[in-house]
Amino acid sequence: MTSVTRGHARVDGKVRELLDVGTAVGRLENRAVTVVSGPDMVNISFLNFVAFQEDTAKEWTDELFSLASNLLAQNMSRETCLDKTYTRLKLQTNPEGGIPVKNIFRMFSADRKRVETALENCNLPSGRNDAIPQEVFTSEMFRVFLNSICPRPDLDTIFSERGKEQAVPDGGAADGLHQQPPARPAPQRDPLPPLKAEQVQTLVEKYEPSTMLTQRGQISVEGFSRYLSGEENSIIPPEKLDLSEDMTLPLSHYFINSSHNTYLTAGQLAGNSSVEMYRQVLLSGCRCVELDCWKGRTADEEPIITHGFTMTSEISFKEVIEAIAESAFKTSPFPVILSFENHVDS
1 MTSVTRGHAR
11 VDGKVRELLD
21 VGTAVGRLEN
31 RAVTVVSGPD
41 MVNISFLNFV
51 AFQEDTAKEW
61 TDELFSLASN
71 LLAQNMSRET
81 CLDKTYTRLK
91 LQTNPEGGIP
101 VKNIFRMFSA
111 DRKRVETALE
121 NCNLPSGRND
131 AIPQEVFTSE
141 MFRVFLNSIC
151 PRPDLDTIFS
161 ERGKEQAVPD
171 GGAADGLHQQ
181 PPARPAPQRD
191 PLPPLKAEQV
201 QTLVEKYEPS
211 TMLTQRGQIS
221 VEGFSRYLSG
231 EENSIIPPEK
241 LDLSEDMTLP
251 LSHYFINSSH
261 NTYLTAGQLA
271 GNSSVEMYRQ
281 VLLSGCRCVE
291 LDCWKGRTAD
301 EEPIITHGFT
311 MTSEISFKEV
321 IEAIAESAFK
331 TSPFPVILSF
341 ENHVDS
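Here you go:
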């Protein structure tokens, strides 16, 4: 889910009459709720609802939007992302309760042969029309599949070099994290104090899949890999997701999250234009959007937005401005810069 809007859905007269909910409980436009979802800003779908009362629509919109714009969810660790991917696969079953192999292909569409090989290495069905029994495709099997499709020999090397003993395959014994020698000379070490033994044990219990190693305070290569992918090693520390910089200086003192050719959903020679792109980029944090303005095809038509002298489609300037007004400050209070490329002379 990428966004939720209220009053965005257009309702023509026939639909209004069909719904037959009148104006006694509020204006229909204020009771319409649109949920926008998709894997990215371009490939999105719309799901429209109509509430019986305006207050109900507002309550649902506010709550759903707070979920869609959650900072922790938007900056989840790789480990959390893999868990969500596994859950999604487990929920998308065929009528017989199996997990369609084609769903796995779809998630790794860039290299189908590589996916087939990884499935075969795990002794799992690999045909596009095959299905994997749920009881076979456990979370542990999913991890084995991931390690096969994306091996990390570099981690084996690092693990071996830093430990006192040679690292062994997943599930084998390895040195505890607290027993490893210094990784770098003292002057180059992290200025933060090293973790205490109980803190290390907490990390081992969180990421090590082997109960035996956990009880011994040790970690395998698989546990080490999961730790590196966990929230403790995210690019942005969770405590820094909230605003922590001085934002009182002039605009010229900051880098600004900007969008070029905002209206395009594809290439700038023959791609489609979409008003929805303005909503999506503003909701994602952009503070500068571009509007390429051209005259309508006739003198009576309102201005349009398109990429001039190309085969890109056209969208209404008025609808774009309305979309910007609706979404500009829903996720950020900071100024929005409208970058006009103006080709309208009257």
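Okay, so the sequence shown: first residue is 1 according to the UniProt record's numbering, each after it adds one.
Built from N, CA and C at the ideal position, the CB exists for glycine as well.
Burial state of residue i (16 or more Cβ within 10 Å)
{"i": "Tyr263", "result": "buried"}
{"i": "Ser126", "result": "buried"}
{"i": "Met247", "result": "exposed"}
{"i": "Ala167", "result": "Only weak support is given to the placement of Ala167: the predicted model assigns it a pLDDT of 43, under 50, and the value that follows is read from those uncertain coordinates. Its Cβ being crowded by 16 or more others within 10 Å, Ala167 is buried."}
{"i": "Cys122", "result": "buried"}
{"i": "Tyr254", "result": "exposed"}
{"i": "Ile44", "result": "buried"}
{"i": "Ile27", "result": "It should be pointed out that residue 27 corresponds to Arg in this sequence rather than to Ile. Exposed, since its Cβ has fewer than 16 Cβ neighbours within 10 Å."}
{"i": "Gly308", "result": "exposed"}
{"i": "Ala73", "result": "exposed"}
{"i": "Val101", "result": "buried"}
{"i": "Gly38", "result": "exposed"}
{"i": "Phe329", "result": "exposed"}
{"i": "Gln218", "result": "buried"}
{"i": "Leu71", "result": "exposed"}
{"i": "Ser69", "result": "buried"}
Beta-carbon proximity of residue i to residue j, cut-off 9 Å
{"i": "Leu251", "j": "Pro335", "result": "yes"}
{"i": "Phe49", "j": "Val35", "result": "yes"}
{"i": "Asn261", "j": "Gln268", "result": "yes"}
{"i": "Phe108", "j": "Arg128", "result": "no"}
{"i": "Ser339", "j": "Glu290", "result": "yes"}
{"i": "Arg287", "j": "Ser332", "result": "yes"}
{"i": "residue 348", "j": "Glu222", "result": "In the structure displayed, the chain extends from 1 to 346; residue 348 sits before or after that span and is not available."}
{"i": "Ile99", "j": "Lys90", "result": "yes"}
{"i": "Glu341", "j": "Phe317", "result": "no"}
{"i": "Pro133", "j": "Gly97", "result": "yes"}
{"i": "Thr312", "j": "Ser273", "result": "yes"}
{"i": "Thr56", "j": "Arg78", "result": "no"}
{"i": "Ala118", "j": "Phe145", "result": "yes"}
{"i": "Asn75", "j": "Ala131", "result": "no"}
{"i": "Ser210", "j": "Ser220", "result": "yes"}
{"i": "Leu203", "j": "Leu195", "result": "yes"}
{"i": "Val320", "j": "Tyr278", "result": "yes"}
{"i": "Val33", "j": "Leu67", "result": "no"}
Beta-bridge pairing of residue i - partner residues as DSSP gives them
{"i": "Ile99", "result": "Ile132"}
{"i": "Asn233", "result": "None; Asn233 has no bridge partner."}
{"i": "Asn342", "result": "Cys293"}
> Taking three-plus beta-carbon pairs below 8 Å as touching, is the segment 312-327 in contact with the segment 273-284?
Replying inline: yes
>> Could you tell me which whole alpha helix (DSSP H) segments of length 4 or greater appear in the segment 252-340?
In response: 276-283, 317-327
>> Three or more C-beta pairs under 8 Å: does that hold for the segment 79-87 against the segment 225-232?
In response: yes
>> Restricting to runs no shorter than 4 residues, where is the alpha helix (DSSP H) found entirely within the segment 201-228?
In response: 211-215, 221-228
> Considering only residues of the segment 102-128, which uninterrupted alpha helix (DSSP H) runs meet the minimum length of 4 residues and lie entirely inside it, listed in chain order?
Replying inline: As far as the segment 102-128 is concerned, its whole alpha helix (DSSP H) runs of at least 4 residues are 112-121.
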